[in-house]
Structure formats: C-alpha cells, structure tokens
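Residue numbers (our numbering), protein chains in the order written: chain V, 2 to 149; chain Y, 2 to 149; chain E, 2 to 149.
Where is the CB? At the ideal position from N, CA and C, for every residue including glycine.
Remember, it's a predicted structure, so these values are computed and weren't measured experimentally.
Let me begin by presenting the structure, written as structure tokens, before commenting on it.
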C-alpha cells in the first residue's frame, strides 16, 4: 500500500471498488502529464435543501471524491504518482433557493487536502444544477498532474 | 481528404461548415499541444423529456460533435493532427425529472470512438442544465491533444 | 505597474483586492505552464431576465473577470506573465426562458480582449444555471497559459 493510501487508512477511509463508466467513455484519461478524471455522481440521490441536507450532501461529496481517487488509482497504478490536484469541478443538485454549493463541495476538497496534504490543494468551481444523472445530489470531476 | 475524414465518410457523415462563434470568443484555441474547443449548442431546441425525446437528443449530441470536429479542423488544418480526445463536457437541457443525461451525451462519445478509434476514447462529464443558449437541447465542449 | 495593468488603467479599470476563497480551495493553481483560476461569482445577485437585466449581468461578468485577473496576479506576481487565455467557462443564473447566456459572458470576454489584445482571445462555453453560489447572477472560471 502506497503512502497516500496509508494516509487514507489512517483517516479511516478506504478506496471503494472503481465503478465502470455508465456510457461510452473512460473512467479517466492520462495525457501529457495530466489525468482527466471523468465526472461521477454520488450514490446519494435527491435535491439538496429539500430532500437532502447540506451535511448529508457534504458527506456524499467526500465519498464521491473517494470514487474519483479509486478511478485514478486504477488508471495510474498508485495514488503516489499524483504530483498535484489541479482543478475540481462540482455540481450540486440544488433547490431553487439553495445557494451554499461551496459548503457541499468542501467535503470533497477537505478529503483531498487530508490525504494529499499541500499537493491536494486545488483550484475549484462549485455550481448549482437543477438536475443531475440518476437524480444524484452531487457530481464531481477533476484534473490531476501525474508523474510520467 | 485525411484518414479520419475518410472514416467519417465511410460512416456516412460529413463535416458541416464550421459556424462562426456567436460572441466575443474563438471557435477553438490551440496551446502547448492542447486544443480547447469552445462550447457549441445543438441545432435542436427544446427541453429533453418534455419537448424532445432521448433518441432525438442523442442524435443532436452526435451532430453537435460533428460541429466541434469541423471547428477543430478549421483551426488545425486536418483532423489527422488529433493525437487523442482528452475530455468532453456535455450539458443536457433537462426537465426537472430527467436524469439520463449520460445516454444523451453517448451520441457524441460514440461518434468520436467510431471516427477516431482508440484515440477517440475520452474522459467525460454529462450534466443537466435547466436552460442553455438559444434554448438548445444539448451543449458540448472538449479538449483535444494535437500534434505540434 | 506592468504593461497589462497599464492597459487596464487606460481603459478606466483597476484590479480589485483579490478576495480569499470561501471554502477549502485555492484562488488559482499554477502547474506545468497552465494557471487554473477557480470559479468566482459576481457581487451582483439575482436571476437574469427577472431580477437582473442582460445589461446589468454583462457588467457583472466584466467585473467578475476583473476579480479573476486580480486572483491570477496574486498567484503569478504580474499579469505580464500571461502568455494567453486558453478557456473561459461561464454560468449565468437564468430564468426558465432566458437563453442569451453568451451575450452576458461577452462582458468578460470583451474585457480580456481589451486588456490583453490577441493573447486575450479564448475558447469559451457559456451555460445556464438555475442557481449559483450566494444567489449570484454570474460565475466564471478560466485557464491561462503563463510563462514558467
């Protein structure tokens, strides 16, 4: 087990089984030192603010980031090849009056910083969406820099 | 006609005339081995699930990808300079209960794989949007890796 | 004051104070010649077409781009290190019938071209969103190429 997976374990997490993409695309694509990780949705379904609380959605964002890390590992062999996290994009399925999308996506960002330390600090955009695939509460994708 | 355009023709497609951007931006921007292709919307208007069916939207996604390829060709001279498709982002104008955005964007992804083969396999995110420019059903942008 | 800031001043603008990110992320992340600038929302709140006009939202997009430039400068020291603007992504908080998102985001794109000239011309996607952080009218992020 590599350094970053050990750190995950210390924090009480483990990587889930990387789910296969549902559609005609790859889980992640490595290219020229970057790894583009495809968007994945949370297992948690429901609109945030009405069906789902901010606290629940935040945990769902954290768990979705674990999925993205599992997919990244599958593609590059070990998380220890991650040089840094460049950008995370998060969509939050939002009621018409819900405007705290950043608080939800912080669940994902804090996991990255906890596991990867300074390398895990990233640029980010958190946006509201009226609907997401499968009715999920959260959707995330990201761009990593990796060792060649 | 290059290799990838020949393959397009074999599949029964041809590149449309690359439309000029409607606004103060470029159709695509090449930089450091990457080509960022601007978002373009489908000619098909309407909300998916109410005004437009999934099957219709899927064809619209395919045709919008043909537009993006036409724009890419205009920028780089020939599709044969494409080294690989890194990332496709798709927005589907969705009714409040429509959650099959990936099935719609598959129309674009399958075209890329059909034309470019393994090079066409990409990371991707498919997201719902309550509204899109000009009331379109689908919007796509992408990042390609190209030969210098 | 550098060349691009002088040009800003000639146009009658000045960089605002770069606001700290509201959440567990960086204002921008530099990596391998690219600068990923995090999404920021406009100070202007409200849904475009109902609470806010297109003209107001367009000015808000321009002012949000000034914020992004201020954040970029904070990260890289001077705007003169910008080699080119690769991609701008804009979300416009839209009423169900509002479909002129590109006209709003033009406010940001035109500022970039005014200040940076040809280097400021970029690929772009303008999308509608039913809701944005803090109820803002506009949200923007971008990718710049910078001198090492």
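| query | result |
| --- | --- |
| Given residue 102/Y, which residues of its chain have a CB within under 6 Å of its CB, disregarding the five upstream and five downstream residues? | 93, 127, 129 |
| Rounded to whole angstroms, how far is the Cβ of residue 38/Y from the Cβ of residue 91/Y, which I believe are closer than 8 Å? | Incorrect: roughly 13 Å between the Cβ atoms, too far for contact. |
| What does a CB cutoff of less than 7 Å around residue 55/Y pick up in its chain, not counting 5 residues either side in sequence? | 49, 101, 104, 105 |
| Please report the distance separating the alpha-carbon of residue 86/Y from that of residue 117/V. | 28 Å |
| Report the neighbours of residue 65/V on chain E: residues whose CB is nearer than 7 Å to its CB, in chain order. | The premise fails here: residue 65/V is roughly 15 Å from chain E at the closest Cβ pair, so nothing lies under 7 Å. |
| With H, G and I counted as helix, E and B as strand and the rest as coil, what does DSSP make of residue 125/V? | strand |
| What are the start and end residues of each continuous alpha helix (DSSP H) run of 4 or more residues lying completely inside the region 89 to 138 of chain Y, in chain order? | 102 to 117 |
| First and last residue of the beta strand (DSSP E) that includes residue 41/V? | 35 to 42 |
| Check each candidate in 120/V, 15/V, 110/V and name the one with the smallest Cα separation from residue 26/E. | 110/V |
| Using a Cβ-Cβ cut-off of less than 9 Å, list which residues of the region 70 to 83 of chain Y approach chain E; keep chain order. | none |
| In chain order, what residues of the same chain lie with their CB nearer than 7 Å to the CB of residue 14/V, ignoring the 5 residues before and after it? | 67 |
| Residue 2/Y by DSSP, collapsed to three states: which one? | coil |
| Identify every residue that forms a DSSP beta bridge with residue 142/Y. | 90/Y |
| For residue 32/Y, does the three-state DSSP call read helix, strand or coil? | strand |
| Going along the region 115 to 144 of chain Y in order, which residues come within less than 8 Å of chain V, judged by CB to CB distance? | 122, 123, 124, 125, 126, 127, 128, 129, 130, 131, 144 |
| Return the bridge partner residues of residue 54/V from the DSSP annotation. | None, per the DSSP bridge assignment. |
| At a CB-CB cut-off below 9 Å, which residues of chain V make contact with residue 146/Y? | 32, 33 |
| Return the chain-ordered list of same chain residues with a C-beta closer than 6 Å to the C-beta of residue 4/V, the five sequence neighbours on each side being excluded. | 81 |
| Please name the residue, chosen from 24/E, 96/E, 112/E, 108/E, that lies closest to residue 131/V on a Cα-to-Cα basis. | 96/E |
| Does residue 2/Y pass the burial test, meaning 16 or more other C-beta atoms within 10 Å, or should it be called exposed? | exposed |
| So, does the CB of residue 43/Y fall closer than 9 Å to a CB anywhere in chain E? | no |
| With residue 89/E and residue 125/E assumed to form a contact (beta carbons below 8 Å), what rounded beta-carbon distance in angstroms separates them? | 5 Å |
| Answer yes or no: the CB of residue 38/V versus the heavy atoms of the ligand COA, is any distance below 8 Å? | Among the components modelled here there is no ligand, and therefore nothing to report on the ligand COA. |
| Report the residue from 62/E, 134/E, 78/E, 147/E whose alpha carbon sits nearest the alpha carbon of residue 24/E. | 134/E |
| Say whether chain V places a C-beta atom closer than 9 Å to the C-beta of residue 104/Y. | yes |
| Could you give the distance in angstroms between the alpha-carbon of residue 64/Y and the alpha-carbon of residue 43/Y? | 7 Å |
| Could you check whether the Cβ of residue 39/V sits closer than 9 Å to any Cβ belonging to chain E? | no |
| Consider the Cβ of residue 28/V: report whether some Cβ of chain Y lies at a distance smaller than 9 Å. | yes |
| When the cut-off is 9 Å and only beta carbons count, does residue 57/Y lie next to chain V? | no |
| Among 58/Y, 112/Y, 70/Y, which residue has its Cα nearest to the Cα of residue 18/Y? | 70/Y |
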